[in-house]
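J.: I have a structure I would like to understand better, so I am pasting it below and will then ask my questions one at a time.
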Ligand code: SF4
Ligand code: SF4
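Numbering (this note's numbering), first residue to last: 296 to 604.
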């Protein structure tokens, strides 16, 4: 049994732009053939699959009820609604309304991008490839990793396309072992040891205490580094590169807190304030690291969170 439909009808039914439906057809994602009168034909089963993918009830009625068994199946299906699957990540990117429906192909994003042309990077091209369902090709390019996430393209875009969200999604498509540079290793280290560089808890506490003693010697009378101080107003997280390579930078912060008479503390564990999951496109790890900070806020009963970046 076949269905006949117009692009505009399909677009309205699925809440997407007409161009999106055309892109589905052109890329073969929607298996439909062009018929007379600017209409298309598709199999009933394919229409059902599309409805299932969108978690919605079929709206288009069969054009023919010649097959009573299929007709009954259709009627039964009208009474059945697929439950919404919360938290399931969409595996394809072409249908996401944050970019697929809204891009005008104007190219303003490319004009604003400070690295447009580097290795052929062009945000408009990336958008068009995404809309055409070329996610495998995009996953394998280095463009999402060249992108600095500066947001200039998105600020300039007249249609409000969320280009940076697309870049993060593309980064997230890579096998984790294929993520370039050290950022994924940093994420794993943070999950296993509480900070991106794997600094042991005892070493961190010892360093913080020693820096506090130095500050006291430098004139901050009675200064003692407040580690795990329950009830402090501000909880301070730390960029692990500071204790690792630039510990004096921490003292500059602490001098300001002292001069301002601020009530503050540093957690002894899970103090990392730079979430590399943001950069690697790893939402699950990012959530875990954020959750640990929230746990620390609750444990120490702090009101304000200070992130170093
Ligand atoms: S500026 Fe926006 S609308 Fe124009 S091509 Fe870029 S993403 Fe599309
Ligand atoms: S966010 Fe990426 S694509 Fe957009 S302007 Fe910056 S570098 Fe270019």
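The beta-carbon is built from N, C-alpha and C at its ideal position, and this holds for glycine as well.
Cβ of residue 563 within 8 Å of Cβ of residue 499?
T.: A contact, by the Cβ cut-off of 8 Å.
J.: What does DSSP give as the partner residues of residue 522 in its beta bridges?
T.: DSSP, once it has assigned bridges, lists 561 as partnering residue 522.
J.: State the Cα-Cα distance for the pair residue 599 and residue 484, rounded to the nearest angstrom.
T.: Spanning the two alpha carbons is a distance of roughly 26 Å.
J.: In whole angstroms, what is the alpha-carbon distance linking residue 529 and residue 347?
T.: C-alpha separation (whole angstroms): 48 Å.
J.: When the distance is taken between beta carbons, is residue 427 closer than 8 Å to residue 318?
T.: The answer is yes: Cβ separation under 8 Å.
J.: Report yes or no: is there a C-beta of chain C within less than 8 Å of the C-beta of residue 428?
T.: The question asks about chain C, but that chain is absent: this structure has only one protein chain.
J.: Would you say the beta carbon of residue 315 comes nearer than 7 Å to a heavy atom of ligand 1?
T.: It does not: the Cβ of residue 315 is nowhere closer than 7 Å to a heavy atom of ligand 1.
J.: Going by DSSP, which residues form a beta bridge with residue 327?
T.: Residue 327 pairs with 337.
J.: Indicate, with yes or no, if ligand 1 has a heavy atom lying under 7 Å from the CB of residue 561.
T.: No - ligand 1 has no heavy atom lying nearer than 7 Å to the Cβ of residue 561.
J.: In angstroms, rounded to a whole number, what distance separates the CA positions of residue 361 and residue 460?
T.: Caution is warranted here: a pLDDT of 44 is assigned to residue 361, below 50, making its placement in the model unreliable, and the coordinate value is therefore given only provisionally. Distance between the alpha carbons of residue 361 and residue 460: 47 Å.
J.: Rounded to whole angstroms, what is the Cα-Cα separation between residue 400 and residue 590?
T.: One C-alpha to the other measures close to 44 Å.
J.: For the stretch 567-582 against the stretch 454-474, do three or more pairs of beta-carbon atoms, one drawn from each stretch, fall closer than 8 Å, so that the two count as touching?
T.: Yes, the stretch 567-582 is in contact with the stretch 454-474.
J.: Does DSSP put residue 300 in a helix, in a strand, or in coil?
T.: DSSP places residue 300 in strand when its eight states are reduced to three.
J.: Considering only C-alpha positions, which residue in the set 312, 329 and 305 is nearest to residue 342?
T.: Per the Cα distances, 305.
J.: Of the residues 559, 520 and 505, which one's Cα is nearest the Cα of residue 527?
T.: Considering only alpha carbons, the answer is 559.
J.: Once you ignore the five residues that flank residue 457 on each side, which residues in its own chain have a CB closer than 8 Å to its CB?
T.: 393, 394 and 449, listed in sequence order.
J.: Can you tell me which of the three DSSP states residue 590 falls into?
T.: Here residue 590 sits in helix by DSSP.
J.: May I have all residues whose beta carbon comes closer than 7 Å to any heavy atom of ligand 2, sorted in chain order?
T.: Output, sorted by chain position: 404, 407, 408, 409, 410, 411, 416, 418, 442, 443, 444, 445, 446, 447, 448, 449, 458, 459 and 462.
J.: In chain order, what residues of the same chain have a beta carbon less than 6 Å from the beta carbon of residue 375, not counting five sequence neighbours either side?
T.: With a pLDDT of 46 at residue 375, under the threshold of 50, the modelled position of this residue cannot be trusted; read the value that follows with caution. So the list is empty, once near-sequence residues are dropped.
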